[in-house]
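Take the position in the sequence shown, starting the count at 1, then add 1363; the result is the number in this note's numbering. Remarks on the structure that follows.
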Amino acid sequence: MEYRELIHAEPAHFDRGGCDEAVLVCDVGGTNTRVALFSIAGNDYQPLVSRSFASPEVIDEFLNRTGELYGLTVRRGAASGAGPVVDGVCRLTNVDWRINVEEVKKKTALDDFYLINDFAAIGYGLGPLEQHKPESFVTVKPGRKEPDRVKAVIG
1364 MEYRELIHAE
1374 PAHFDRGGCD
1384 EAVLVCDVGG
1394 TNTRVALFSI
1404 AGNDYQPLVS
1414 RSFASPEVID
1424 EFLNRTGELY
1434 GLTVRRGAAS
1444 GAGPVVDGVC
1454 RLTNVDWRIN
1464 VEEVKKKTAL
1474 DDFYLINDFA
1484 AIGYGLGPLE
1494 QHKPESFVTV
1504 KPGRKEPDRV
1514 KAVIG
């Protein structure tokens, strides 16, 4: 299987000190699927490994391989998909791919797996992005800032 891999913490040197668990995150787009494993210690998330695949049918393989490498049990995960999410299924709009929450849970040891639209995922990231990298934002029309109001994501 073709993929690009980025190791953030080498398995041989990974120190579990303080690591409570690991969580899976995925972004399934029209051209590839990006998956990553993060360790969690309290409120601190640290990337362990991320990969990019040419298909969405890789989540179970990724979890099995990385879980063994790092000696971590992954019980929770989330994915965003480039298409509408209806009843736990995302059908991508520009390719014949789909993600099904129940199928992912059956193929993996995940107890919890959440699926949202990719633009919804971007929306959830706007607050932290604005807080840490305000230069990433462009003002379309000057006006009064209203923090709890609708924001636009253009892509």
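Beta carbons are placed, not taken as given, at the ideal position from N, Cα and C, and that holds for glycine.
Output needed for G1451: all residues of its chain with C-beta closer than 8 angstroms, excluding positions within five of it in sequence on either side, in chain order. These residues qualify, in order along the chain: N1463, V1464, E1465, L1478.
Looking at L1426: is its Cβ nearer than 8 angstroms to the Cβ of L1387? Yes, the pair counts as a contact, with Cβ atoms nearer than the cut-off.
Have a look at A1515, R1397, Y1487, G1444 and flag the residue whose alpha-carbon is nearest the alpha-carbon of V1412. Closest by alpha carbon: R1397.
How would you label G1405, buried or exposed, when you count the other beta carbons within 10 angstroms and need 16 or more for buried? Exposed.
Could you give the distance in angstroms between the alpha-carbon of M1364 and the alpha-carbon of F1416? Unreliable placement is indicated for M1364, whose pLDDT of 39 sits below 50; no coordinate value is reported for it.
Can you give the Cα-Cα distance for K1514 and T1502, rounded to whole angstroms? Here the alpha carbons of T1502 and K1514 stand approximately 11 angstroms from one another.
From P1510 to E1498, what distance separates their C-alpha atoms? Whole-angstrom Cα-Cα distance: 17 angstroms.
Closer than 6 angstroms by C-beta to T1429: which residues in its own chain qualify, once you throw out the five before and the five after it? Chain order, please. Taken in chain order, the residues that qualify are L1400, V1412.
In whole angstroms, give me the CA-to-CA distance for D1459 and G1393. The C-alpha of G1393 is placed about 9 angstroms away from the C-alpha of D1459.
State the Cα-Cα distance for the pair K1470 and T1436, rounded to the nearest angstrom. Approximately 15 angstroms between the Cα atoms of the pair.
Since A1442 contacts V1391 with CB under 8 angstroms, what's their CB separation in whole angstroms? Yes, they are in contact, since the Cβ atoms of A1442 and V1391 sit about 6 angstroms apart, within 8 angstroms.
Identify which residue in Y1408, E1424, I1403, E1384 has its Cα closest to the Cα of K1468. Selected option, being the one with the closest Cα: E1424.
Taking Cβ positions, are V1516 and F1482 nearer each other than 8 angstroms? For V1516 and F1482, yes; Cβs fall inside 8 angstroms.
Residue environment, S1418, which counts as buried when at least 16 other CB atoms sit within 10 Å: Under this definition S1418 is an exposed residue.
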